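Engineer:
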Amino acid sequence: MKATLSEGKGQARDSIDLVIRYVKQETLTPLKSILKYVGFGVGGALLSGFGVVLLLLGILRLLQTETGTSFTGNLSWLPYLITLVVGVVVIVASLSLARRKKN
191 MKATLSEGKG
201 QARDSIDLVI
211 RYVKQETLTP
221 LKSILKYVGF
231 GVGGALLSGF
241 GVVLLLLGIL
251 RLLQTETGTS
261 FTGNLSWLPY
271 LITLVVGVVV
281 IVASLSLARR
291 KKN
């Protein structure tokens, strides 16, 4: 009687181990690969956004310093408007590319 009882416990442990391995294989492994993919996407988006902000700041400083007296006095607001327009164009272009890739 004890032999069959210990065999039953061994089979139960084997079944539980099999289920645990199956769950890990079918859920955790794909989830880890998806999280890695999402992590690289978020990191790339953050770095790209930071780069665009620096680029816009560079455009603003270029317009303010290298245009001489063109944007002085009553026209001192014009470099900000030009930079804003460039930023909006970049946003619209990136959104249209994102929508094009979805469809």
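Each residue of the sequence shown is one higher than the one before, counting from 191 in our numbering.
The C-beta atom is built at its ideal place from N, Cα and C for all residues, glycine as well.
Treat the numbers as computed from the prediction; the structure is a model and nothing was measured.
Using 8 Å as the Cβ pair cut-off and three pairs as the minimum, do the region 243-253 and the region 266-281 touch?
Structural biologist: Judged by Cβ distances under 8 Å, the region 243-253 makes contact with the region 266-281, as three or more pairs qualify.
Engineer: With a cut-off of 8 Å on the beta carbons, I'd call V232 and V280 a contact; round off their distance for me.
Structural biologist: Incorrect: roughly 19 Å between the Cβ atoms, too far for contact.
Engineer: Between which two residues does the alpha helix (DSSP H) containing S266 stretch?
Structural biologist: Premise fails: S266 is in no alpha helix (DSSP H) and is neither H nor E.
Engineer: With H, G and I counted as helix, E and B as strand and the rest as coil, what does DSSP make of T259?
Structural biologist: Looking at T259 - three-state DSSP - the assignment turns out to be coil, as it is neither helix nor strand.
Engineer: Determine, using beta carbons only, whether F261 and L268 come nearer to each other than 7 Å.
Structural biologist: Contact: yes.
Engineer: Contact check, Y185 vs L250 under 8 Å by CB: the rounded distance?
Structural biologist: Missing from the structure shown is residue 185; the chain here goes from 191 to 293 and no further.
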